[in-house]
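Asks: Handing you a structure now.
Number of protein chains: 2
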Amino acid sequence: MALRSRCPNVKISVWGRSEERLKEVLSRGLADSASTDPVAAAHGAGLVILCTPVGSMTEIGALLAGKLSPGAIVTDAGSVKLCVTEKLAPLFGGRFVGGHPMAGSERSGLAAARSDLFNGAPCILTPLPTTDPFALQAVGAFWTSLGAAITTMTPGEHDRLVARMSHLPHALAFALVNLAKQSLPEDSLKLAGGSFRGATRVASSSPKLWSGILIENRRETASALREMSGLLDSIAESLDQEQSDSLLDFLTRAKEYRDSLPLPAHDELS
Amino acid sequence: MALRSRCPNVKISVWGRSEERLKEVLSRGLADSASTDPVAAAHGAGLVILCTPVGSMTEIGALLAGKLSPGAIVTDAGSVKLCVTEKLAPLFGGRFVGGHPMAGSERSGLAAARSDLFNGAPCILTPLPTTDPFALQAVGAFWTSLGAAITTMTPGEHDRLVARMSHLPHALAFALVNLAKQSLPEDSLKLAGGSFRGATRVASSSPKLWSGILIENRRETASALREMSGLLDSIAESLDQEQSDSLLDFLTRAKEYRDSLPLPAHDELS
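Going down the list, the sequences are from chains A and B.
In terms of our numbering, the first sequence opens at residue 1 and continues consecutively.
In terms of our numbering, the second sequence opens at residue 1 and continues consecutively.
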């Protein structure tokens, strides 16, 4: 939708599992062609973008390897980069560039699509030393043309960062909801204020997608969860001992850093 | 502001520490009179509403005790109820009704005021067996007239509930920001997506106000923090052991419960 509206002359071919949804994509003019066969959908493409759950990317990548046009560039939009890069780079060599547009929300599917989704959103690219510089530039130009702001880092740096900036907040949201469910009377949800709503919004995300992401990034996410658990225990300790000064200092440091967060491009980035 | 707009005939007298801010309140027509002396501000009032940080309420309550009109009803808007009720009920007897309008945001001060703040917001009242039923009814009618929806429970039930629905999400927000600050490169904040923003919005709240609230409700908040810490450790354990099924089940239960959350009256309740 974003590509169609910003680059109307680009030819778009879409792959999907459901004939019905592909028909809807075509009837809404969002693509020029569509197929449930990945090889047919990617036929003749100059840039192939894999946007499936990370667990499915190797399988699709293996189907496409050796079947693409000479010089075709391959990228992905997965939330974890080390495992994806390790599996896809060997299939496509220097023409593969790992990517992670950090946009989206707890909603999914065609009904949640919006043409301004990437406008001002960060997009992380994770080239390897073996990545073709032209391929990196082309993938960067693609996301920039959709309005995203490119940052590059290694796949490992990416996974460490998103474990703390995205996967941990998601895990906290799911855990906070289950804690309320198991420890409070049934009708307590009607008393939820903004802090609970804000902290748990993403607990409405797809459980299947998110269990996949957390498992794929399990090493970094488990570390982040344990760091968080340690911080929470130390806050509880400060409370037990009524250490107002160290608590105030902890909250003050957090407020200062949070207040330095640049304003969002729009409200629904994930 | 809400009272002025919804009940224009009610006479409003305001107490505050700063002459300058009281002048602004008067010049904007938000009150009929104002004073930096609590006794003068409460003179002749039928309903006295204490809205200071919970740590200051006993002091102000002690100044007012014995100085109010006969039959005056006293309530408060504090985020913790057990400690406040224990201190204020003896001062005002059955005429004191503990209250907690669950509205507000990370912003504070006159610039953050809005006349629709309480519209559709939950308001918890925490009467004791000794509370005068007429006083309870009057305080309920006051908040209802501002658009809030009343729920009653004991002070202890309130503190247990808000520890998990509000104080824990606030503590998580502060901790999540500090975790990012201490474990990621300095410019990482620009990569924050919606889940980090949503989970940490309230870390911009007043550190002084919130260290006070967490300390006042320390027993319940410390319990909630330790329950959360245990949940996070168990998620980390599931990740270590790649237990996708139990993780998927955990996330699915959370999504179902979160999806049952009634829609908010407006976006900025806290």
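For every residue, glycine included, the Cβ atom is placed at its ideal position computed from N, Cα and C.
Mind checking the stretch 107 to 123 of chain B against chain A and listing, in chain order, the residues whose C-beta falls within less than 7 Å of any C-beta there?
Replies: Going along the stretch 107 to 123 of chain B in chain order, one finds 122 with a Cβ nearer than 7 Å to chain A.
Asks: If you measure beta-carbon to beta-carbon, which residues of the stretch 228 to 242 of chain A are closer than 7 Å to chain B?
Replies: Result list: 228, 229, 231, 232, 233, 235, 236, 239, 240 and 242.
Asks: Report buried or exposed for residue 178/B, applying the criterion of at least 16 other Cβ atoms within 10 angstroms of its Cβ.
Replies: So residue 178/B counts as buried.
Asks: Taking all protein chains shown into account, decide if residue 40/A is buried (16 or more other Cβ within 10 angstroms of its Cβ) or exposed.
Replies: Residue 40/A should be labelled exposed.
Asks: Residues of chain B with a CB under 7 Å from the CB of residue 210/A: which are they?
Replies: The answer, in chain order, is 251.
Asks: Can you name, in chain order, every residue of its own chain whose Cβ lies under 8 Å from the Cβ of residue 62/B, other than the five neighbours on each side?
Replies: Excluding positions up to five away in sequence, the list reads 91.
Asks: Is it buried or exposed, residue 212/A, if we count other Cβ atoms within 10 angstroms and call 16 or more buried?
Replies: Buried: at least 16 other Cβ atoms inside 10 Å.
Asks: Using the beta-carbon of each residue, which ones in chain A are nearer than 7 Å to residue 154/B?
Replies: Neighbours of residue 154/B on chain A: none; closest Cβ ~12 Å, over 7 Å.
Asks: Is it buried or exposed for residue 80/B, if we count other Cβ within 10 angstroms and need 16 for buried?
Replies: With 16 or more other Cβ atoms within 10 Å, it is buried.
Asks: Per DSSP, which residues does residue 158/A bridge with? Please list them.
Replies: DSSP lists no partner for residue 158/A.
Asks: CA-CA distance, residue 145/B and residue 123/B?
Replies: Each residue's alpha carbon lies about 12 Å from the other.
Asks: Contact check, residue 12/B vs residue 4/B under 8 Å by CB: the rounded distance?
Replies: Right, their Cβ atoms sit about 7 Å apart.
Asks: Give the residues of chain B in contact with residue 127/A, contact being defined as C-beta atoms less than 9 Å apart.
Replies: By Cβ distance, chain B contributes nothing, its closest Cβ being about 17 Å from residue 127/A, past 9 Å.
Asks: Is any beta-carbon of chain B found at less than 8 Å from that of residue 268/A?
Replies: At residue 268/A, the pLDDT of 43 sits below 50, so the modelled position is not reliable and the matter cannot be decided from this model.
Asks: State the start and end residues of the unbroken beta strand (DSSP E) segment that holds residue 76/A.
Replies: Run containing residue 76/A: 73 to 76, per the beta strand (DSSP E) assignment.
Asks: Contact defined as beta carbons within less than 8 Å: I believe residue 155/A pairs with residue 202/A. What is the distance between those atoms, to the nearest angstrom?
Replies: With 8 Å as the limit, residue 155/A and residue 202/A do not qualify as a contact, their Cβ atoms being about 23 Å apart.
Asks: Can you list, in chain order, the stretches of the alpha helix (DSSP H) that have 4 or more residues and sit fully within the stretch 120 to 154 of chain A?
Replies: Whole alpha helix (DSSP H) segments, 4+ residues: 133 to 145.
Asks: With a cut-off of 8 Å on the beta carbons, I'd call residue 143/B and residue 207/B a contact; round off their distance for me.
Replies: Not quite, the Cβ-Cβ distance comes to about 28 Å (not below 8 Å), so this is no contact.
Asks: Is residue 270/A buried or exposed, if buried means 16 or more other CB atoms sit within 10 Å of its CB?
Replies: Confidence in residue 270/A is poor, its pLDDT being 41 and thus under 50, which makes the residue's placement unreliable; the coordinate value appears in the next sentence. Residue 270/A should be labelled buried.
Asks: What is the residue span of the alpha helix (DSSP H) that residue 215/B lies within?
Replies: Here the alpha helix (DSSP H) through residue 215/B covers 207 to 216.
Asks: What residues of chain B sit near residue 178/A, judged by a beta carbon separation below 8 Å?
Replies: Those are 231, 250, 253, 254 and 257, listed as they occur along chain B.
Asks: Can you tell me whether residue 70/B is buried or exposed? The criterion is at least 16 other CB atoms within 10 Å of its CB, across all chains shown.
Replies: The residue in question, residue 70/B, is exposed, as its Cβ has fewer than 16 Cβ neighbours within 10 Å.
Asks: Note down, one range per segment and in chain order, each beta strand (DSSP E) of at least 3 residues found wholly within the stretch 4 to 91 of chain A.
Replies: Within the stretch 4 to 91 of chain A, the complete beta strand (DSSP E) runs of at least 3 residues are 13 to 15, 33 to 35, 47 to 50 and 73 to 76.
Asks: Could you give the DSSP three-state label for residue 101/A: helix, strand or coil?
Replies: Correct three-state label for residue 101/A: strand.
Asks: With a threshold of 8 Å between beta carbons, is residue 317/B in contact with chain A?
Replies: The displayed coordinates of chain B run from 1 to 270. Any statement about residue 317/B would go beyond what the structure contains.
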